[in-house]
Amino acid sequence: MDNLAIVRRFTTEFLGRADLAAADATMHPDIRGFTGLKPTGPIEGIDEYKATLTGFVDAFPAQSPVEIIDQFESADGTRVVTRFHSRQCHAKDYYGVAATNRIILFDETHVARLKDGKIIENIVSATNLEFEMLMAPVLSPMILG
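Positions in the sequence shown are counted from 1; adding 43 to them yields this note's numbering.
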């Protein structure tokens with residue numbers, strides 16, 4: 044499987060639906076993830092990534108499949124950049140914030156670095172203002188200390 048396909052599966056199946064088989068097929072055991080879903084530092088390893096993402100998808104289930112807007116590979120073939128949209132419903136409490144049942148658009152760009160055909164690093168940049176404002180009362184103290 045080529046790098047674009049690996050990251051596409053990671054994005055649509057693991058990030059989009061918390062499919063753990065897709066996680067095992069696409070993530071290196073030593074993956075590091077830099078995302079607001081763990082505001083206190085990077086996600087360390089496949090098990091922590093699975094736990095973090097399944098907790099998020101449990102509280103914010105997908106309302107439609109992930110829509111990949113743009114995807115390309117770096118010139119040296121070690122990184123894949125993917126921009127996507129997902130729509131998630133805030134159906135359960137998350138970090139102590141009560142469910143709102145709002146449909147929230149997530150507009151994200153991920154830079155995945157691959158090693159031996161698996162993602163070893165994933166850096167997230169997002170324009171998720173509605174989610175950030177919803178979570179700010181809880182997450183701000185964690186981030187700003």
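Ideal Cβ positions, reconstructed from N, Cα and C, are used throughout, including at glycine. These numbers were taken from a predicted model, which means no experiment stands behind them.
Cβ of residue i within 7 Å of Cβ of residue j?
i	j	result
V167	E151	yes
T54	F174	no
T97	V50	no
Which whole-angstrom value is the C-beta distance of residue i and residue j, which I expect to be below 8 Å?
i	j	result
I89	M70	5 Å
T121	R75	Actually they do not touch by this definition, with Cβ atoms about 15 Å apart.
F57	A66	5 Å
S129	F115	Their Cβ separation, rounded to whole angstroms, is 19 Å, which puts S129 and F115 out of contact at 8 Å.
P104	C132	6 Å
P82	I147	P82 to I147, Cβ: 17 Å. No contact.
Which residues share a DSSP beta bridge with residue i?
i	result
V124	F115, V154
A105	Q131
Y137	V140
V167	H153
G76	I86, N165
Comparing alpha-carbon positions, which option in the options lies nearest residue i?
i	options	result
Y92	D73, Q106, A102	D73
F77	I162, P184, S183	I162
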